[in-house]
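Student: As numbered in the UniProt record's numbering, the sequence shown has no gaps in its residue numbers, which increase by one up to the final residue, 952. My structure is below; once you've seen it, I'll send some questions.
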Amino acid sequence: MSSLVSAVLPSSGNWNTLQRSQLDVLQTLVKKHIEDPALTEIASGNDFAITSTERGVPRYEHSHLVAALDVLLEYQRNRKTTYFTMMGTRAQTSIGTYRHDPRTRLIELLKRWLRTHAANPNISEEEVRRLCGLCRDLLNYPNLFPSRNKTSFMHALSEVYEHLELQLRQVLERDRTCAELAARCLSLSRNLVSDAIAFLLLGATHLTQTDSLPSLEVVVLWQSLPARGNPLPSRADPQLQKTMQDAWQTLVGSLITALLSLRWTFHLFAGVGTEEELKTLTDAPGSPASLAADKPAENAMALIKRVREEFEAGRLKSSGLAGPFREPLQQESREQMLLAVEALFDLLYLQGEVLSHFHRISDSLGDYGMIRVSSWLHPCLDSVIEKVQRLQTCLKGLNKSVDSELIIAKARGRALKKPLPTERMSARAHAAMERALVGPDCHLVALMQSLEELKARSSPERLPHVVEGLGDACMQLQNVLTSSQFRARVGDTFPHHLPSLANLSRANSRPATLRLSDEETMGDYSEPEEEKEACASRAICLPSAGTAKAKAEEDSPAHSSMHSACFYLFGQAEASARRRSGSLPAAVRATFNSLRQKTSWELKEPSSSSLPAPATTKSTTAPAPSPASQTSTPAELVTELPADGWISHVRNGGRVSWHHTSLGPAPWERPAARPEDTRDELFGAKACMEASPVSYPFDDSSMRSITSPQRRDTNPFSDALAEEAEQTNPFPDADQHDQQGEIFAACKDKSKPSPVSRATEGARAEPLSFGLPREAGMTPSTASRTQSPAVLEPEAPATLLSRPQEGQRKEVPSTSADPASSAASFLQRGCLRAEVQRLTTSVQGWKFHDSRSLLITGSQLLIYDKGSADQVKTVVDISAGEVERCNLLYDGVLSLEVRRKRRRSSSLTRWTPRRGGDGDAEKKLYFFKFEPQELAQQFSEVISSLRPAGRE
């Protein structure tokens, strides 16, 4: 390097040792970081002499590159040199400009690069990174470039480096989008399919007619297809058709014709421009296009099957194969050819019929749209990758046989069986295989890389980040558009009543709308707290199971295309904005209704004087219920119990109650309960252990066993609700109906004591609760810390009416739930409970929201309030089809998509018009994390088993 510098630089004293060292370092670093040959020889000749200090860029694309250029120009303008001249006996000081020194050479190199790339919109990351690395390495030599000027060389270089760093960040943010990646995948697929078809047509065949074809691309092969099988006869070339007529009649030629005639092939190679032309030909009766469009998959697969049978039978005279591949020992090679055709058939469908539509979505909605459909896109990409790998295996095996039986054998002088391919055919087949499969830059490797990159770019994990930026931009724009400054600038002509930017969606005919939603919208939907307090004025009214099921079937969704969690995040209707009213929380009514339906309770209220006499017992052993009588037998209630052992009991009014002897003594065989125990029998509190999903404090004076704290009734429909309660009263007996009327009247008039308060007068006030037993290990953190370490577990299930006697309950240690228990054990026990963490999505992944208790009882899923062990917030009827999706994710996370009928709203929003066909349904998406993870699998199995047929 020193010799090069000595040869270039003048030998006068203008170049000192320091400058030579500077030039050596600059030349080394420039060759290390710069690849452009026009910029690497910084020490040669006068190539990097000083140029104009004007910008020289009329229009730019990258502001940071122009700013760095301005910094260098300012440094050059301020950099001057001082020297002396001798005029006789007098010395004079003059100011000059540096023209060829090492610093000037580097500045000119940077100026040339910045002027070239400042206006380039497609600047690459690698180019910016290389120049950035050059400036960074030069900053390691501050002592090599001393300065006495105000603006030093190192200071200017540091500013340029900072601007290049900022420009590099912008280049990284402008990476390729999903639409570009999808377009690249389609382009690479065209190249791969075209070369694969060319190799199959030439490699192992003797179709010498192909030498007359100017090209083997698909668009040229279309012109030579026979008129009978040509789906686009307007593009046919009669001369090429005549030339290839005999070739297309062979078995191999018929396979290639079938692939070229597919509608999916036109979608992939001709694009959407041929849609109208292809549709017109398809609609014409009797046309080749209409015949091929009837059952393209069946026709192609049937042809492949027929050709395989011909190959296996040895009928190869009209096969089109070369002589060496007609030998019996080449059966494997012939099978590899057929497998390659099948892989091409599948790949053409996935690319031309599936991925092309994903590309249209990405073109319309960008990365956001592709991420929204990622739950469908990613499995499709996995299938494409699998088909590409299968095609690679088949073509490589066939190519190896071609080289061995034709090329190498001919080179060694072996006699080959005729007919044989021409040299032009062999050369074109080898070139097609090289482009398709051989080398690091082949079509297959590039396609696999693009597919993986598209999969990463469309990952749902990017959705929170995309939506966060979009939502923030919409909110800021909304604030600006509603500001007084904006109104002052645009004047009064600007519309005043415009929809909120946060609620705008793309207009379409689908009932579900796309909107931005904050985290509050994603919260649990349930009865509002104020309605829980105002629900004291209504008696317990339980709709029949048939009515609930009919409503659930009526409200089943007509569209089920929202498959993934990311679909649902932005497809919610305005469920959280609507308030539902009702005198008693829906969770209490639905849970009590489920318990009543599952156990055939005979609900009784004690009168003010005495309890009703016990009913006459008529116990008989009932045979196993037949499928035809499942509506009146317990077969639909307990499906895991044996058929033998059922006993029945006829109560007042003709009602038949069923009981299985394996569950212990029947309720009607136990001693009569005391009056103070009747309220416990009503809700089955003691049989359900101390942890109850719903509880209400019982008070003798104010009838708080049924009511909540007093609140002024502001519901204008209270009278109508009362009439509805009386019509749907679940108590069939006349005396119970009268008692319920007294209870409802007592709730309306606080001055009148109720029958229940009179019957329980003098008894110790304790909470009325009902629920099902749960494992002690699942007790939430909000439970009492002073409770006994053991829990009461009844021998008979909690569905029995009367309180278990002292001898019929036992103490069992409190242990955690067995994660290996199955859905069958759940059905036998009657309930399944777990303490879970509710998750939400964030930029980094999952985000902890709160702790919840989940309980599956009967056919209903109870979701408790935050941190509560006894307050149910949401009841989901699984058997009624309210669970739309139930997906088991990784790490014990269960995704639950719920779709329910919208509850009765308040008087202000009850008659609000609904938009679309989905207005009367409310939707919700939950993410629950289970510990241990086996519980998530158990919940998923149970929910799937309880969902109605056709919804799994």
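Every residue, glycine too, gets a C-beta built ideally from N, C-alpha and C. The structure presented is a predicted model; accordingly, all values stated were derived computationally and were not measured.
Quick check on DSSP: helix, strand or coil for K31?
Tutor: Helix.
Student: Would you grab the beta carbon distance between P226 and Q209 for me? Rounded to a whole angstrom, and I think it's under 8 Å.
Tutor: Actually they are not in contact, since the Cβ atoms of P226 and Q209 sit about 13 Å apart, beyond 8 Å.
Student: Excluding the 5 residues flanking D211 on each side, which residues of the same chain have their C-beta closer than 8 Å to its C-beta?
Tutor: Within the same chain, D211 has close Cβ partners T422, R424, M425.
Student: Give the range of the alpha helix (DSSP H) segment to which H357 is assigned.
Tutor: H357 -> alpha helix (DSSP H) spans 356 to 372.
Student: In the DSSP output, what is I856 paired with across the bridge?
Tutor: Answer by DSSP bridge pairing, in chain order: L832, L861.
Student: Let me know if H496 comes out buried or exposed under the rule of 16 or more other beta-carbons within 10 Å of its beta-carbon.
Tutor: H496 comes out exposed.
Student: Please confirm whether V160 and A118 have their CB atoms less than 7 Å apart.
Tutor: Not in contact: V160 and A118 (Cβ atoms no closer than 7 Å).
Student: Among all the DSSP beta bridges, which residues are the ones paired with A921?
Tutor: Per DSSP, K901.
Student: Going by DSSP, name the residue or residues bridged to H222.
Tutor: Strictly speaking, residue 222 in this sequence is Trp, with His absent from that position. Looking at the DSSP assignment, W222 forms no beta bridge with any residue, so it has no partner.
Student: Where do the ends of the alpha helix (DSSP H) carrying R489 lie?
Tutor: Taken as a continuous stretch (DSSP letters only), the alpha helix (DSSP H) holding R489 covers 484 to 490.
Student: To the nearest angstrom, report how far apart K923 and L855 are at their CA atoms.
Tutor: Cα-Cα distance, rounded: 20 Å.
Student: Where DSSP assigns a beta bridge to D877, which residues make up the other side?
Tutor: Paired residue(s): Q860.
Student: Could you check what DSSP says for R412 in three-state terms: helix, strand or coil?
Tutor: It is coil, neither helix nor strand.
Student: How about V898 and I943: are their beta carbons less than 7 Å apart?
Tutor: No, the pair does not count as a contact, with Cβ atoms beyond the cut-off.
Student: Can the beta-carbon of I863 be found closer than 7 Å to that of K873?
Tutor: Taking 7 Å as the Cβ cut-off, I863 and K873 qualify as a contacting pair.
Student: Counting beta carbon pairs with one atom in the segment 348 to 360 and one in the segment 317 to 337, are three or more of them shorter than 8 Å?
Tutor: Output reads no: the segment 348 to 360 does not touch the segment 317 to 337.
Student: Quick check on this structure: which residue in D70, E934, H62, F325 has the alpha carbon closest to the alpha carbon of R56?
Tutor: One detail in the question is off: residue 56 reads as Gly in this sequence, not Arg. Among D70, E934, H62, F325, the Cα nearest to that of G56 belongs to D70.
Student: How close, in whole Å, do the beta carbons of L110 and L168 come, if the pair is a contact with beta carbons under 8 Å?
Tutor: Incorrect: roughly 15 Å between the Cβ atoms, too far for contact.
Student: How many angstroms separate the CA atom of R190 from the CA atom of V30?
Tutor: Going by the C-alpha atoms only, they are around 41 Å apart.
Student: Please report the distance separating the alpha-carbon of N143 from that of H33.
Tutor: Distance between the alpha carbons of N143 and H33: 22 Å.
Student: What does the alpha-carbon distance come out to for the pair R838 and L946?
Tutor: If you take the alpha carbons of R838 and L946, they lie about 22 Å apart.
Student: Look at G253 and V402 and say whether their C-beta atoms are less than 7 Å apart.
Tutor: No; because the gap between Cβ atoms is not below 7 Å, this pair is not in contact.
Student: To which residues does DSSP link F928 through a beta bridge?
Tutor: Per DSSP, R838, L894.
Student: Classify V171 as helix, strand or coil using the three-state DSSP reduction.
Tutor: Residue state, collapsed to three classes: helix.
Student: If you count every other CB in all the chains shown that lies within 10 Å of the CB of K387, and 16 or more means buried, which is it?
Tutor: Classification of K387: buried, given that the 10 Å Cβ count is 16 or more.
Student: Tell me the DSSP secondary structure of L329 in three-state form.
Tutor: Three-state result, L329: helix.
Student: Report the three-state DSSP secondary structure of R263 (helix, strand or coil).
Tutor: Helix at R263.
Student: Indicate the three-state DSSP secondary structure (helix, strand or coil) for V656 in the structure shown.
Tutor: V656: strand per DSSP, three-state reduction.
Student: Report the residue from H378, A921, L157, S364 whose alpha carbon sits nearest the alpha carbon of L350.
Tutor: Checking every option, the nearest Cα to that of L350 belongs to H378.
Student: For the 8 Å Cβ check, are there 3 or more pairs between the segment 413 to 420 and the segment 302 to 319?
Tutor: Too few Cβ pairs lie closer than 8 Å, so no.
Student: If residue 970 sits next to S374, beta carbons under 8 Å apart, how far is it from one beta carbon to the other, in whole angstroms?
Tutor: Any property of residue 970 remains undetermined from this structure, which presents the chain solely from 1 to 952.
Student: Terminal residues of the continuous alpha helix (DSSP H) containing I647?
Tutor: Where I647 is concerned, there is no enclosing alpha helix (DSSP H), although the beta strand (DSSP E) it sits in stretches over 646 to 650.
Student: Would you give the residue range spanned by the beta strand (DSSP E) that N887 belongs to?
Tutor: Its beta strand (DSSP E) spans residues 883 to 888.
Student: Going straight from the alpha carbon of T51 to that of E180, what length do you get?
Tutor: Looking at the two C-alpha atoms, the distance is approximately 40 Å.
Student: Quick check on DSSP: helix, strand or coil for S194?
Tutor: S194: helix per DSSP, three-state reduction.
Student: Is R308 near L348, with beta carbons less than 7 Å apart?
Tutor: No, Cβ-Cβ distance for R308 and L348 is not below 7 Å.
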